[in-house]
Amino acid sequence: MDKYELVLAIIEHPERYTEEQLAEILSDSECREIYNLLCKTDSAVEAHKEVDVEAEWERFAARYGQRQHRRLRWFSSRAASIAAIVGTSIVALASGIAVTVKMIEPASEPEQQPEPAPVAAAQAVPAAESVSVPADTIVEFSGPVMFEDETLESIMHHVALVYGVEVKFNNDDAAALHLYYRLDPTLSLDEVVAQLNTFEQISISREDNTLIID
Numbered sequence: 026m027d028k029y030e031l032v033l034a035i036i037e038h039p040e041r042y043t044e045e046q047l048a049e050i051l052s053d054s055e056c057r058e059i060y061n062l063l064c065k066t067d068s069a070v071e072a073h074k075e076v077d078v079e080a081e082w083e084r085f086a087a088r089y090g091q092r093q094h095r096r097l098r099w100f101s102s103r104a105a106s107i108a109a110i111v112g113t114s115i116v117a118l119a120s121g122i123a124v125t126v127k128m129i130e131p132a133s134e135p136e137q138q139p140e141p142a143p144v145a146a147a148q149a150v151p152a153a154e155s156v157s158v159p160a161d162t163i164v165e166f167s168g169p170v171m172f173e174d175e176t177l178e179s180i181m182h183h184v185a186l187v188y189g190v191e192v193k194f195n196n197d198d199a200a201a202l203h204l205y206y207r208l209d210p211t212l213s214l215d216e217v218v219a220q221l222n223t224f225e226q227i228s229i230s231r232e233d234n235t236l237i238i239d
């Protein structure tokens, strides 16, 4: 199993891996870059937007070679669409700047799609202060929540709502980072923390019922 297959397996079935295994796999810089790109572009695939896979692959293959092309196309069309988007996406990990992925619209008239439910804006919380969510106010989500170019502060507010924990920021810069992230409430809190820690400039530790961001 090469690195692309391994990262796809982590995304599809994270419950099969322990926190230590996830940390070991994602400590590899190439795996971490692939994982971050796939997380960022997953929301576009979920939104059922068409991608010209062959046209985008010509650019992708020039960098990664034809071996990966044949192997990735062996996966489902969903994985192929992700690979094509990866070819045109650059994640500004060091600076925390999100890059917009340009989707190719179909030539025919698109069908009417229902408006996606907007993600409620999280109330701003000053750095080095805690967000405390009482147990009787925990919010249950029916499915994954997509964050597109959202601040880490907003994302952690939702994590606090879902898992009923406190969140404390010790770093103003980290709170202001913009991310593309898919929050899956079926994962454990430790798995969510492990995913977020794969982003550069983010360091989250857990002390009992409190998440601390340095």
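Letter by letter, the sequence shown follows residues 26 to 239 in my numbering.
For every residue, glycine included, the Cβ atom is placed at its ideal position computed from N, Cα and C.
Apart from the five residues just before and just after residue i, which ones in its own chain have a Cβ nearer than 7 Å to its Cβ?
i: L212; result: P39
Does residue i come out as helix, strand or coil in the three-state DSSP assignment?
i: S213; result: coil
i: S52; result: coil
i: E225; result: coil
i: Y42; result: coil
i: D233; result: coil
i: L202; result: coil
i: D239; result: coil
i: D197; result: helix
i: L33; result: helix
i: V187; result: helix
How many angstroms separate the CA atom of residue i from the CA atom of residue j?
i: R57; j: A185; result: 25 Å
i: L33; j: D209; result: 16 Å
i: L202; j: E232; result: 23 Å
i: I59; j: D53; result: 10 Å
i: E44; j: Q220; result: 9 Å
i: I35; j: I227; result: 20 Å
i: I238; j: Y42; result: 24 Å
i: I248; j: L204; result: Any question about residue 248 goes unanswered here, given that the chain covers just 26 to 239.
Apart from the five residues on each side of it in sequence, which residues of its chain come closer than 6 Å, Cβ to Cβ, to residue i?
i: N242; result: A question about residue 242 goes unanswered here, because the residues of the chain that appear run from 26 up to 239.
i: F172; result: I180, Y206
i: L214; result: Y188
i: V192; result: V156, M181, A185, L236
i: L47; result: A219
With distance defined between alpha-carbon atoms, name the residue in the options nearest to residue i.
i: V170; options: V217, D198, V192; result: V217
i: T176; options: E37, L236, Y42, D197; result: D197
i: G189; options: E37, L204, L236, I50; result: L236
Sorted by chain position, which residues of the same chain lie with C-beta nearer than 8 Å to residue i's C-beta, five sequence neighbours on each side aside?
i: K28; result: D53, E55, C56, I59
i: A132; result: Residue placement at A132 is flagged as unreliable, the pLDDT there being 45, under the threshold of 50; the coordinate-derived value follows with that caveat. Result list for A132: empty, nothing under 8 Å.
i: L31; result: I50, C56
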